[in-house]
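Chains H and B supply the protein sequences, listed in that same order.
Residue numbering for the first sequence follows this note's numbering, beginning at 900 and increasing consecutively.
Residue numbering for the second sequence follows this note's numbering, beginning at 37 and increasing consecutively.
Beta carbons are placed, not taken as given, at the ideal position from N, Cα and C, and that holds for glycine.
From a predicted model like this one, the values you see are computed outputs, not experimental measurements.
For reference, the structure discussed in these notes is given below.
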Amino acid sequence: MNRKGLVSLIAVFLGLIAGAVFMLLTGHNPFIGFMFLFQGGTLTLERLGNTLATSTPLILTGLSVAFAFRTGLFNIGTPGQMLFGGFCATVVGLSSDLPSAVLVPLMVITGFLGGALFAAVPGILKAVFNVHEVVSSIMMNWIGYWIVYYTVKAYFTGNMETESRLLPNSATLRSPWLSNLFGGSYINLGLLVAILAVLIIAFILNQTTFGYELKSVGYNRHAAEYGGISVNKNIIFSMMIAGGLAGLAGVVQYAGNANNIQIGVMPTQGFDGIAVSLLGANTPIGSLLAALFFGLLYSGRGFMNAMTEIPPEIADTIIATIIYFAATSVLVERLLDKILKSRQATKKPLIDSAVQNTDNNNTNYGFMPPTEEEKENVPKGDE
Amino acid sequence: MKKKYFAMLLAGIMTTSLFAGCAQKKQTADSRFNPIKTDLKVGMVTDAGTIDDKSFNQGTWEGIVGSGANSKYLKPTGTTEADYLKEIANLYDAGYRFIVTPGFKFETAIFQAQDKHADAKFVLIDGNPHSGDYNPVVKENTVAIFFAEHESGFLAGLAASLQLKEGDFGFIGGMEIPAVQKFNWGFQQGVNYANANLGTKISLKEENIVYQGSFDNVAAGQQLAAQMYDRGVKAIFTAAGGVGVGAITEAKERAAGGQEVWIIGVDVDQYSEGLDEATGKSIILTSAMKYIDQAAYDMIKAETEGNFPGGQTLMFDAKNNGIGIPAENPNLSAETVATTNEIFGKIKSGEIVVASENDGTLVK
Chain H
900 MNRKGLVSLI AVFLGLIAGA VFMLLTGHNP FIGFMFLFQG GTLTLERLGN TLATSTPLIL
960 TGLSVAFAFR TGLFNIGTPG QMLFGGFCAT VVGLSSDLPS AVLVPLMVIT GFLGGALFAA
1020 VPGILKAVFN VHEVVSSIMM NWIGYWIVYY TVKAYFTGNM ETESRLLPNS ATLRSPWLSN
1080 LFGGSYINLG LLVAILAVLI IAFILNQTTF GYELKSVGYN RHAAEYGGIS VNKNIIFSMM
1140 IAGGLAGLAG VVQYAGNANN IQIGVMPTQG FDGIAVSLLG ANTPIGSLLA ALFFGLLYSG
1200 RGFMNAMTEI PPEIADTIIA TIIYFAATSV LVERLLDKIL KSRQATKKPL IDSAVQNTDN
1260 NNTNYGFMPP TEEEKENVPK GDE
Chain B
37 MKKKYFAMLL AGIMTTSLFA GCAQKKQTAD SRFNPIKTDL KVGMVTDAGT IDDKSFNQGT
97 WEGIVGSGAN SKYLKPTGTT EADYLKEIAN LYDAGYRFIV TPGFKFETAI FQAQDKHADA
157 KFVLIDGNPH SGDYNPVVKE NTVAIFFAEH ESGFLAGLAA SLQLKEGDFG FIGGMEIPAV
217 QKFNWGFQQG VNYANANLGT KISLKEENIV YQGSFDNVAA GQQLAAQMYD RGVKAIFTAA
277 GGVGVGAITE AKERAAGGQE VWIIGVDVDQ YSEGLDEATG KSIILTSAMK YIDQAAYDMI
337 KAETEGNFPG GQTLMFDAKN NGIGIPAENP NLSAETVATT NEIFGKIKSG EIVVASENDG
397 TLVK
């Protein structure tokens, strides 16, 4: 067990304790509550399949945020990228009648490209004009929301004005044998897409020069530049890949878990990706595990509701509390650090985490003039 | 020092008892309904939005609670078919075999659920179960319920015209879905009817008939209402959920400033929503109601009496008092109410037919 894993596990544990305290405060038995919460996500094969399906888009949005974090970027535009990626895939699915074996991979690729295109805008703005990506990517969410709203309504609605026509089964990631394997659950091939993406991203980050460059930019933009790495190129690529991953989340959500795209709904999985990524210590495998945990909470919640007297609003608060504490792994990390430091006389280096990194870096927000401290920190050599 | 700990302990106990208070709050039966003695477990899955949405979810839930049955509602995490099916399965596994779902978004989910849980009963409000091809398939364990929103909108438009006699009216819709469109078309017909037969001079300009595009954008509702009032509109009919709430806020602010503005509420009697505590006056002129609560209650009652109308598609309209304006309308004169009731009778008898479609003479 490495240290990051330990930190995340402690964070989950703290989250569960906080949830338990909340249940106690509202007059419910936490043991019974948690029993039904976990049973709800795992009791039968169908429930297990549903948990995995719920996790699938979260794996990808978590991966998207984690990937951007590693390059020192905060991709908060995941909802918009997910929506737009899913929308592009839906358009392809609805307007062509290629055989399934060609169409589905084509949709996956289109979804990736759609998300990438959407994230390229904040990426370029950041690289060229130093506009902070938090601002520019969050604004893109609404652009995506209304583009999808207008286009679906104008060209792709069926009988209902609020959603697109249904995708034919040959244009979805659904697979009867996988569903039957899990007792009729809505689990689909999206899970394989997500797992594959995790493996590829892990490989890129850990085994390739490109990944090394991306991480260098994340650790210290100026040092990377001094070392001959093109910072701007890496920022744009990083945002595009992160956006592409969010776009894939859209594909698995709208052409897997669902078989159409609804308008006027911003996907919640987008922002959940931030929490998934933080809990997963911004690593690909961590995001996968964290997303599974979130999926379990989301699928089990309804069963806990149905079997106990806990009202849905309180159940939502319990889940939110667990997530809140689980996502504050930085706190645990600092705490753990303090304990270790007081135990050992030798001084340990600060543990790296992208969130901390952005603190340590020159965080020029684009709209703010650099502080005195930042001005001093700017390396003089390359100016 | 001891004192400090004691104070902290006391504060702790007080906070805890506060929470305990919420938890123990029992469902109180609505006085509108007679509780039924039954051990039926009734479950509900909410549509997008909360249980206190002053509309769909709330209406359905009030009817269920009013029945006095052992009841529970679940709130899905999303609005996809899979999310809905998951919550239906949760209710089923927990022993709830009578499940009510409000909203057309449940159509495909109920289509699957009625086969998957064949020993459970389903009530689908505002929709017909189908496989995605819009061919209704209502199985023996399911009832589909629709409302004549156009008749409800007609009555509200008529009553508002009679009361205000002349001026501009407006309409703010949520999404352009059948239920909302029918409210709009009915409203326009009601206004036209009053102009043609009862000597009112109300105008409905095209720019004052707007679909906002969502049911939850409160700020946009307020803006739209502000624009309309600035253009001289006197009363706005809102069929838009949270968007309507924004419009109500705008109207209240203007009314407090001395301007004469009105809102015509939707789905439930929204009078109390528009109430200004200081003056005791509400800006809700009247409301175009559909008795969702009654529909939910009736279905539970029918089930306990052993005559659940399974396999049927029911229409709640003027004929069976499924729609109407509130019984109490403090902002309408007795004369207006009397004339409206008279015309309500004519709709019931079929003398006046309100079209549920836009035949091209109506705006949008």
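Nothing from the segment 147-164 of chain B brings a Cβ to less than 7 angstroms from some Cβ of chain H. Residue state for Tyr1223(H) is assigned as helix, using DSSP reduced to three classes.
Assignment of Phe158(B) by DSSP, reduced to helix, strand and coil, places it in the strand class.
Sequence-distant partners of Leu962(H) (beyond 5 residues in either direction) whose C-beta falls short of 7 angstroms from its own C-beta, in its chain, are Ala1096, Val1097, Ile1100, Leu1144, Pro1183 and Ser1186. For Leu1065(H), the neighbours in chain B by C-beta distance under 7 angstroms run, in chain order, Gly168. When the beta-carbon positions are compared, Gly932(H) and Met1206(H) stay at least 7 angstroms from each other. Across the segment 235-262 of chain B, CB contacts with chain H closer than 7 angstroms involve Gly249 and Ser250, in sequence order along the chain. Between the segment 221-240 of chain B and the segment 192-210 of chain B there are three or more C-beta pairs closer than 8 angstroms, enough to call the two in contact. Only exposed fits Gln1106(H), as fewer than 16 other CB atoms lie within 10 angstroms of its CB. Residues are counted here when their Cβ sits less than 9 angstroms from a Cβ of chain B; for the segment 1161-1188 of chain H these are Gln1161, Ile1162, Gly1163, Val1164, Pro1166, Thr1167 and Gln1168, given in chain order.
For the pair Asn1040(H) and Pro978(H), the CB atoms are nearer than the 7 angstroms cut-off. With respect to Phe142(B), Val78(B) sits apart: the two C-beta atoms are not nearer than 7 angstroms. Using a CB distance below 8 angstroms, the part of the segment 93-123 of chain B facing chain H consists of Lys108, Tyr109, Leu110, Lys111, Pro112, Thr113, Gly114, Thr115, Thr116, Glu117, Ala118, Leu121, Lys122 and Glu123, ordered along the chain. Residues of chain H with a Cβ closer than 8 angstroms to the Cβ of Met80(B) do not exist; the shortest Cβ-Cβ separation is about 11 angstroms. For the C-beta of Thr1061(H), the chain B residues within less than 9 angstroms are, from N- to C-terminus, Phe140, Lys141, Met211, Glu212 and Ile213.
At least one beta carbon of chain H lies nearer than 7 angstroms to the beta carbon of Ala130(B).
Excluding the 5 residues flanking it on each side, Phe1224(H) has same chain C-beta neighbours closer than 7 angstroms at Ala910, Leu913, Gly914 and Ala917, in chain order. When Cβ pairs closer than 8 angstroms are counted between the two stretches, the segment 1081-1097 of chain H is seen to touch the segment 944-958 of chain H, the count reaching three or more. Inclusion of Arg1064(H) and Leu993(H) in the CB contact set at 7 angstroms is warranted, their separation being smaller than that value. Identification of chain B residues near Ser1198(H) by a Cβ-Cβ cut-off of 9 angstroms yields Thr113 and Lys122, ordered along the chain. Between Glu212(B) and the set Tyr247(B), Ala354(B) and His186(B), the nearest pair of CA atoms involves Tyr247(B). For Gly1199(H), the three-state secondary structure derived from DSSP is helix. A straight-line Cα-Cα distance of about 51 angstroms links Gly984(H) and Gly316(B). Secondary structure of Met1165(H) (DSSP, three-state): coil. Here DSSP, grouped into helix, strand and coil, assigns Gly301(B) to strand. Contact check for Ile284(B) and Trp298(B): beta-carbon distance about 10 angstroms, past the 8 angstroms limit, so the pair fails to qualify.
Closer than 7 angstroms to the CB of Asn1156(H) there is at least one CB belonging to chain B. Under the Cβ criterion of 7 angstroms, Phe937(H) is not counted among the residues facing chain B. Check the Cα spacing between Gln258(B) and each of Asn357(B), Val281(B) and Gly268(B): the tightest is with Val281(B). Listed along the chain, the chain H residues whose CB falls inside 7 angstroms of the CB of Leu127(B) are Ala1205.
At a cut-off of 7 angstroms, the C-beta of Asn949(H) has a neighbouring C-beta in chain B. Between the segment 368-384 of chain B and the segment 334-351 of chain B there are fewer than three C-beta pairs closer than 8 angstroms, too few to call the two in contact. The secondary-structure analysis by DSSP pairs Tyr109(B) across a beta bridge with Met80(B). Contacts between Asn1058(H) and chain B, judged by CB atoms closer than 8 angstroms, involve Tyr170 in chain order. For Ser907(H), the uninterrupted alpha helix (DSSP H) run begins and ends at Arg902 to Leu924, by DSSP. With fewer than 16 other Cβ atoms inside 10 Å of its own Cβ, Ile1238(H) counts as exposed.
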